[in-house]
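Quick notes on the structure that follows.
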Amino acid sequence: MAHPRQYDDSNPAIKRLREISLVLPETFEKEAWGECTFRVTGGSMFAMTDNNHHSSGHIAVWVKAPPMVQEILVNSDAKRFFKPPYMGPKGWVGVRLDYKVNWDELAAILKD
6 MAHPRQYDDS NPAIKRLREI SLVLPETFEK EAWGECTFRV TGGSMFAMTD
56 NNHHSSGHIA VWVKAPPMVQ EILVNSDAKR FFKPPYMGPK GWVGVRLDYK
106 VNWDELAAIL KD
């Protein structure tokens, strides 16, 4: 059974996330688990939205991160950055889209 859609296409944060994600080379969007996911052609998923996913209480994006980035970001500002469920143990970092978003910083995290 398919998951119900969790996101609203009219949300400005989702629109901005799409803008910065889809300009990356060979990137496409695919809905999965009711969320927006961003993937590289011939590769894997590198980002997924969190629109109150499992009652998280926020709107965020989970991003595949290089080693140590999750720890550095979460330690720098635990309200903006977090260790997401499921993917957190694999080094992914959660970035809140509903609290003090630095879009240039997020673009750099996505690009990495």
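Adding 5 to a residue's 1-based position in the sequence shown gives its number in my numbering.
Every residue gets a Cβ at the ideal spot worked out from N, C-alpha and C, and that includes glycine.
Who are the near neighbours of residue i in its chain, counting only those whose CB is closer than 8 Å to its CB and skipping five residues on each side?
i      : result
THR79  : Inspection of the sequence shows that residue 79 is occupied by Val rather than by Thr. Result list for VAL79: PHE86, PHE87, LYS88 and VAL98, in chain order.
ASP117 : ALA70, PRO71 and VAL74
GLU36  : ARG10 and THR42
ALA18  : ILE64, LEU102, ASP103 and VAL106
So what does residue i bridge to, in DSSP terms?
i     : result
PHE86 : VAL100
ASN56 : ILE64
LYS35 : THR42
MET50 : ARG44
To the nearest whole angstrom, what separates the beta carbons of residue i and residue j, a pair I think is in contact under 8 Å?
i      : j     : result
ARG101 : HIS59 : The pair is not a contact, with the Cβ atoms about 16 Å apart (cut-off 8 Å).
For residue i, which residues in the same chain have their Cβ closer than 7 Å to its Cβ, ignoring the five residues on either side in sequence?
i     : result
PRO9  : GLY39
ARG21 : TRP108
Should residue i go down as buried or exposed, given a rule of 16 or more other Cβ atoms within 10 Å for buried?
i     : result
TYR12 : buried
ASN56 : buried
SER26 : buried
Count the C-beta pairs between the segment 43-54 and the segment 24-32 that are closer than 8 Å, then say yes if the count reaches three, no if not. The segment 43-54 is in contact with the segment 24-32.
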